[in-house]
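Protein sequences, first through last, are from chains U and W. Per the working numbering, the very first residue in the first sequence carries number 7; after that it's consecutive. Per the working numbering, the very first residue in the second sequence carries number 41; after that it's consecutive. Built from N, CA and C at the ideal position, the CB exists for glycine as well. Heads up: the structure comes next, in structure tokens.
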Amino acid sequence: MSDKPILFNSKRERVDVDDLIDRCRSDPNRILADDEVGLVVYIGDLDIYTVTALGHPETGDPSPNPSGHWAQKVTELSILRFGASVRRQIGSVVKTLSADSVLVIRDGDSLRKVKASDLKPGMILRTGEKVYS
Amino acid sequence: MTFKNALERRTFEITQKVCGSASLIEHNKTIRIENADSLDVASFVGPPRKEIDVITAGFEQSPELKILISCKEYGQSKAEPADVQEWAAVIKTMNQYSAGTTYLGLVISPSGFTSGCEPWATSYNLGIIPPLKGKKLRFPADTSSQMFERVLTAFQKRLHFPHADLLVAPQFYEFVYRLTEAFEGRDHSAQEFGDRYRLLESGWLSSFQELVKLFKGKALQGIETTSAGVSLKFSEGLMFRMVGSQIQFGRGDERIEGDRVTFRCEKNFVGEPCTFDFVEKLVIGQSVTSAGDWGDRFEFGLSDDLMLAIEPNRLHVYRTRNPVDQNLL
Numbered sequence: 007m008s009d010k011p012i013l014f015n016s017k018r019e020r021v022d023v024d025d026l027i028d029r030c031r032s033d034p035n036r037i038l039a040d041d042e043v044g045l046v047v048y049i050g051d052l053d054i055y056t057v058t059a060l061g062h063p064e065t066g067d068p069s070p071n072p073s074g075h076w077a078q079k080v081t082e083l084s085i086l087r088f089g090a091s092v093r094r095q096i097g098s099v100v101k102t103l104s105a106d107s108v109l110v111i112r113d114g115d116s117l118r119k120v121k122a123s124d125l126k127p128g129m130i131l132r133t134g135e136k137v138y139s
Numbered sequence: 041m042t043f044k045n046a047l048e049r050r051t052f053e054i055t056q057k058v059c060g061s062a063s064l065i066e067h068n069k070t071i072r073i074e075n076a077d078s079l080d081v082a083s084f085v086g087p088p089r090k091e092i093d094v095i096t097a098g099f100e101q102s103p104e105l106k107i108l109i110s111c112k113e114y115g116q117s118k119a120e121p122a123d124v125q126e127w128a129a130v131i132k133t134m135n136q137y138s139a140g141t142t143y144l145g146l147v148i149s150p151s152g153f154t155s156g157c158e159p160w161a162t163s164y165n166l167g168i169i170p171p172l173k174g175k176k177l178r179f180p181a182d183t184s185s186q187m188f189e190r191v192l193t194a195f196q197k198r199l200h201f202p203h204a205d206l207l208v209a210p211q212f213y214e215f216v217y218r219l220t221e222a223f224e225g226r227d228h229s230a231q232e233f234g235d236r237y238r239l240l241e242s243g244w245l246s247s248f249q250e251l252v253k254l255f256k257g258k259a260l261q262g263i264e265t266t267s268a269g270v271s272l273k274f275s276e277g278l279m280f281r282m283v284g285s286q287i288q289f290g291r292g293d294e295r296i297e298g299d300r301v302t303f304r305c306e307k308n309f310v311g312e313p314c315t316f317d318f319v320e321k322l323v324i325g326q327s328v329t330s331a332g333d334w335g336d337r338f339e340f341g342l343s344d345d346l347m348l349a350i351e352p353n354r355l356h357v358y359r360t361r362n363p364v365d366q367n368l369l
């Protein structure tokens, strides 16, 4: 399968993505989609988190954690079979992003969405972080 | 039953397939609000009414929740913000004067949407198919139908779990977006590789990248050559087949069609003749370290510095260790 996200539980223990998917398959309703495009699994009630370096997922506030990372609860686990990935340095973190993932940047007095593949050095995200490369 | 166009027919057929009897199509339907005893909707002509063409998707597990679907078939022209605004007004009014039913809205326009549609869709929590992705993408009509089926199926399953969050803007919009955005990668891969890679069992379109991820580290256990093509068996039940110009791989039936035939076998980079047994003895038990696709030739890099090249009627093995002349097979 394609790139898998790093997941952990509320005890900060690493969760194996393949094991998690196997567990979820016992309840067919959790498998929202499993087709040519990819796999989407509902895990919103399983207390599973991922790490984001792009500010608080709702407010955009920077993390109080010195590492700059937020723990973001995951509702749907999505494994793409055809997702091309790009590497971008955003703030102090170099991230691997799906090429067509959407980020919100500041554009003068307003906000604008751009695809990760279209991020340019110098752009400022809604969260205040600058794109360096 | 009559349909105004092919899009409407396809959309309704998918809705019926997913939602069964809870699906409904109505033309020139006069929609009425459920709660019409508020002073603010009193007028000389009665409560607000509007004629629309609508497909309704209902769900057995949540009868109080419905998706109202609008189909926009504009040929080559894209749907305009006015189309989204109209549906936003319908959904907003239906929810505002609802007596218990919650409505979500979905607009399908296979020719796409102009960029001005997005802020209206997000602020009113409408799903749009195909998704707007910030560049001039055009999806085939079939892809839009596949997107719709994926969204509706996933939404129906999602209703088995807490889903109040989807009712708050822009969560339903985002839900639809997340389920449809990846079609771009699938269609791009189809353009790049055509029908070259297919998964066994499911027959799904696949890619070179997926093949490498699946086979890296797996040990080669057997080679079979027939009049139909060549089949390689790997550890963990994985199969690799080259049938004509198509590569089929994954977990599936070990058998390959056709009569057993002996392929031309060659060794070393210059292609000296050798026997099938010679090739087999060298490569069986070795693990995949890399792969390369040269169009008419597929190569597996194997442990022990071996390279096994597979063509529709030829096998070629050589050692990649240097110096070349001291590492001939």
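Item: Straight-line Cα distance separating W/E250 from U/S8; Value: Because the pLDDT at U/S8 is just 43, under 50, the model does not fix this residue reliably, and the value given afterwards should be weighed accordingly. For U/S8 and W/E250, the distance between alpha carbons rounds to 7 Å.
Item: 7 Å Cβ shell around W/S275 - same chain, five flanking residues per side excluded; Value: K258, A259 and Q261
Item: Nearest candidate by alpha-carbon position, reference W/F153, set W/V323, W/R178, W/T329 and W/F195; Value: W/R178
Item: Complete alpha helix (DSSP H) runs within the stretch 146 to 217 of chain W (minimum length 4 residues, chain order); Value: 157 to 163 and 181 to 198
Item: Whole-Å CB distance - W/F188 paired with W/I54, under 8 Å assumed; Value: 6 Å
Item: Under 9 Å (Cβ pairs) to chain W, residues found in the stretch 42 to 54 of chain U; Value: E42, V43, G44, V46, Y48, G50 and D51
Item: Other residues of its chain near W/S242: CB distance less than 8 Å, five sequence neighbours each side excluded; Value: G290
Item: Closer than 9 Å at the beta carbon, the chain U residues around W/L322; Value: Chain U residues near W/L322: none, gap ~31 Å exceeds 9 Å.
Item: The stretch 201 to 209 of chain W in contact with the stretch 163 to 174 of chain W per 3-pair CB rule at 8 Å; Value: yes
Item: Interface residues of chain W facing U/F14 [CB-CB closer than 9 Å]; Value: By Cβ distance, chain W contributes nothing, its closest Cβ being about 21 Å from U/F14, past 9 Å.
Item: Close-in-space but distant-in-sequence residues of the same chain around U/L52 (CB under 6 Å, 5 per side omitted); Value: none
Item: Minimum Cβ-Cβ distance from W/L369 to chain U less than 9 Å; Value: no
Item: Cβ neighbours of W/D345 in the same chain (closer than 7 Å, five flanking residues each side left out); Value: R359, T360 and R361
Item: Unbroken alpha helix (DSSP H) run spanning W/R354, endpoints; Value: Premise fails: W/R354 lies in the beta strand (DSSP E), R354 to R359, not in any alpha helix (DSSP H).
Item: Close-in-space but distant-in-sequence residues of the same chain around W/K173 (CB under 7 Å, 5 per side omitted); Value: E221 and E224
Item: U/K136 in three-state terms, based on DSSP; Value: strand
Item: Contacting residues, own chain, Cβ-Cβ under 8 Å from W/L192 (five flanking each side not counted); Value: I54, T55, V58, C59, A97 and I107
Item: Delimiting residues of the beta strand (DSSP E) encompassing U/D113; Value: V108 to D113
Item: In DSSP terms, what W/D372 is bridged to; Value: No answer is possible for residue 372 of chain W: the residues shown for chain W start at 41 and end at 369.
Item: Closest by C-alpha distance to W/I109, when choosing among W/I95, W/R304 and W/G341; Value: W/I95
Item: Integer-rounded CB distance, given that W/V328 should sit under 8 Å from W/F255; Value: 5 Å
Item: Residue range of the beta strand (DSSP E) that includes W/I107; Value: L105 to C111
Item: CA-to-CA distance, W/R226 to W/E232, given in whole angstroms; Value: 10 Å
Item: Ranges of the beta strand (DSSP E) found wholly within the stretch 17 to 54 of chain U, counting only runs of at least 3; Value: 37 to 40 and 44 to 48
Item: is_contact[U/R36, chain W] using C-beta, thresh 9 Å; Value: yes
Item: Chain W contact for U/T81 (CB, 9 Å cutoff); Value: yes
Item: Nonlocal neighbours in the same chain, by C-beta distance under 7 Å from U/L103, ignoring five residues either side; Value: S91, V92, R94 and A122
Item: From U/L83, U/V57, U/L38 and U/G128, residue whose alpha carbon lies closest to that of U/D25; Value: U/L83
Item: Members of the stretch 219 to 238 of chain W near chain U, C-beta cut-off 8 Å; Value: L219, E221, A222, F223, E224, G225, R226, H228 and S229
Item: N-terminal and C-terminal residue of the beta strand (DSSP E) that W/V364 is part of; Value: Per DSSP, W/V364 belongs to no beta strand (DSSP E) and is neither H nor E.
Item: Nearest neighbour of U/G114, chosen from U/L131, U/S107, U/D124 and U/L125 [CA to CA]; Value: U/L131
Item: Residue of W/G234, W/L240, W/L245 and W/A62 minimising C-alpha distance to U/E42; Value: W/L245
Item: Same chain, Cβ closer than 6 Å to W/F280, five either side skipped, listed in chain order; Value: L272 and F289
Item: Closer than 9 Å to chain U by CB, W/R198; Value: yes
Item: Under 7 Å from the C-beta of U/G89: neighbouring residues of chain W; Value: A222 and G225
Item: Cβ-based neighbour list, W/S247, same chain, cut-off 7 Å, excluding 5 preceding and 5 following; Value: S229, F233 and Y237
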